[in-house]
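Q: Before I ask anything, let me first share the structure, which is written out below as structure tokens.
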Amino acid sequence: MSEAIEKRIVDEENVARVRDLLQCMERGDEEGAREIVDELANVRETTLYQEVGKLTRELHDAISAFGMDDRIANLAEHDIPDARERLNYVIAKTDEAANRTLTAIEESLPLCEKLESESGDLHARWQQFRRKELNIDDFRELSRSLEAFLAEQHQNAGQVRAHLTDALMAQDFQDLTGQIIKRVITLVEEVEANLVNLIKVAGLPEREQDGPKEHDLDGPVIPGKETASTVSGQDEVDDLLSSLGF
Amino acid sequence: MDKNMKILIVDDFSTMRRIIKNLLRDLGFTNTEEADDGTTALPMLQSGKYDLLITDWNMPGMQGIDLLKAVRADDKLATLPVLMVTAEQKREQIIEAAQAGVNGYIVKPFTAQTLKEKMDKIFERVGA
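Residue numbers (our numbering), protein chains in the order written: chain A, 921 to 1166; chain B, -1 to 126.
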């Protein structure tokens, strides 16, 4: 029997009781009237107990469903701390890679600068020789310089190559950190799904979504996530500043 | 621009300090020093004679914006040119930095060319 029909029957019964009550009172039948009033109170109490019983059963079901799903407890106890460790590892790996690359570059730059300046100097002197502007002593000196330059540059080129290889190898973090971050994204999705379920079980009313919490500092803007309050790129910063008189 | 000018680079990430230091070196500025946040930077600025401060915004301890305000509030440092290099791109933050008296604002990631342009502009104004 549907609840609506049930309710209509109860209502009709109550209406009949009230009519009887009225007739009893008109007749001056006090005892009859008291009986009917008791009956009405009784109906009210029964309905109340039924409602409380229903709520208790729902609460019981919800609690047992919640308890059976120990995945949530597992997420909080194990998976979240694990994800935190993994993300810290990502920071460590990217930091290490950036520093290793920077070291390789910093060690290569002086070698390149030396090549640039010495080759420029030798080229100028070679041009003098081609224009027959060098005497025999100058030429001997140029010849010695050239020999030393070639020997040194041969060695330096080997060093630069080793540094470049090191910078290349330092990029191997991408594969590892990429895999780790993907796993953490999967975890975040699972936590999200569980939170949604939790909200459904707890029966919290759905409310208007609050906007994202305002932070003091937002950090880097992710492409596609720009908002009206952020600028995208240096050009817009420059425009904004020049509008302020900069 | 005086290539011997003394520059303080403030950023909590050592890699970013190294990148800025190398870019400056490439532009011919080799007289650079480093600090990892405002708390370390401020005493350095007060005791040493610096010609330019390049600072990040978001740092533990004292943030870049507070360092900028402290510099402007200090009689001896008030006119020190300050270039902010940061990932913060909110309009209100850029305006806040401008109002606090920043001389240039660069958003990360940036190029060597941008750094050069902003430095040229700062010293063009300071010289004028």
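Think of the CB as a built atom: it goes at the ideal place given N, C-alpha and C, for glycine as much as any other residue.
Remember, predicted model here, so these are calculated numbers, not experimental data.
Within 8 angstroms of any Cβ in chain B, is that where the Cβ of LEU1161(A) sits?
A: Position 241 of the first sequence, counting from 1, holds the residue named residue 1161(A). True, the Cβ-Cβ gap to chain B drops below 8 angstroms.
Q: Leaving out five residues on either side along the sequence, give the residues of the same chain with a beta carbon under 7 angstroms from the beta carbon of ILE92(B).
A: Start at 1 with the first residue of the second sequence, and residue 92(B) comes out as number 94. Cβ neighbours of ILE92(B) beyond the five flanking positions: TYR103.
Q: Quick one: which residues of the stretch 1139 to 1151 of chain A get their C-beta closer than 9 angstroms to a C-beta of chain B? List them in chain order.
A: Against chain B - using a Cβ distance shorter than 9 angstroms - the residues of the stretch 1139 to 1151 of chain A are GLY1139, PRO1140, VAL1141, GLU1146, THR1147, ALA1148, SER1149, THR1150 and VAL1151.
Q: Is any beta-carbon of chain A found at less than 8 angstroms from that of PHE27(B)?
A: As a working note, residue 27(B) is residue 29 in the second sequence. Under the Cβ criterion of 8 angstroms, PHE27(B) is not counted among the residues facing chain A.
Q: Taking the beta carbon of GLU950(A) as the centre, do at least 16 other beta carbons fall within 10 Å, making it buried, or is it exposed?
A: For this step, residue 950(A) is matched to residue 30 along the first sequence. Classification for GLU950(A): exposed.
Q: In the DSSP assignment, find the unbroken beta strand (DSSP E) run with ILE1142(A) in it and report its ends.
A: Here residue 1142(A) refers to the residue found at position 222 of the first sequence. No beta strand (DSSP E) holds ILE1142(A); DSSP gives it neither H nor E.
Q: When the Cα of VAL1111(A) is compared with those of ILE1000(A), ARG977(A) and VAL957(A), which residue comes out closest?
A: Along the first sequence, read from residue 1 onward, the residue named residue 1111(A) stands at position 191. Closest option to VAL1111(A), Cα to Cα, is ILE1000(A).
Q: List the whole-angstrom C-beta distance separating LEU1161(A) from ALA76(B), where the pair is believed to meet the contact cut-off of C-beta under 8 angstroms.
A: Taking the first sequence and counting its residues from 1, one reaches residue 1161(A) at position 241. Taking the second sequence and counting its residues from 1, one reaches residue 76(B) at position 78. Between ALA76(B) and LEU1161(A) the Cβ distance is about 20 angstroms, and since that is not below 8 angstroms, they are no contact.
Q: So that I know if they touch, is there some Cβ in chain A lying closer than 8 angstroms to that of ARG70(B)?
A: Along the second sequence, one-based indexing puts residue 70(B) at 72. Chain A, which has no Cβ nearer than 8 angstroms to the Cβ of ARG70(B), makes this no.
Q: Is DSSP giving GLU31(B) helix, strand or coil here?
A: As a position in the second sequence, residue 31(B) is number 33, starting the count at 1. In this structure, GLU31(B) counts as strand in the three-state DSSP scheme.
Q: Helix, strand or coil, according to DSSP, for VAL1010(A) in the structure here?
A: Locating residue 1010(A) in the first sequence gives position 90, counting from the first residue. In this structure, VAL1010(A) counts as helix in the three-state DSSP scheme.
Q: CA-CA distance, THR1248(A) and ALA1003(A)?
A: There is simply no residue 1248(A) to check, as chain A begins at 921 and stops at 1166 in what is shown.
Q: When the Cβ atoms of the stretch 944 to 959 of chain A are set against those of the stretch 1062 to 1080 of chain A, are three or more pairs found closer than 8 angstroms?
A: no
Q: For a contact meaning CB atoms closer than 9 angstroms, what does VAL1104(A) contact in chain B?
A: On the first sequence, position 184 is the one that residue 1104(A) refers to. Here the premise fails: no neighbours, minimum Cβ distance about 21 angstroms.
Q: Does any CB atom of chain A fall closer than 8 angstroms to the CB of ASN20(B)?
A: One-based indexing of the second sequence puts residue 20(B) at position 22. ASN20(B) counts as touching chain A.
Q: How about GLY99(B) and ARG123(B): do their beta carbons lie closer than 8 angstroms?
A: One-based indexing of the second sequence puts residue 99(B) at position 101. One-based indexing of the second sequence puts residue 123(B) at position 125. Cβ atoms of GLY99(B) and ARG123(B): not closer than 8 angstroms.
Q: Do you know how far the Cα of LEU1118(A) is from the Cα of ASP1155(A)?
A: The residue given as residue 1155(A) occupies position 235 in the first sequence. The residue given as residue 1118(A) occupies position 198 in the first sequence. For ASP1155(A) and LEU1118(A), the gap between their C-alpha atoms comes out near 45 angstroms.
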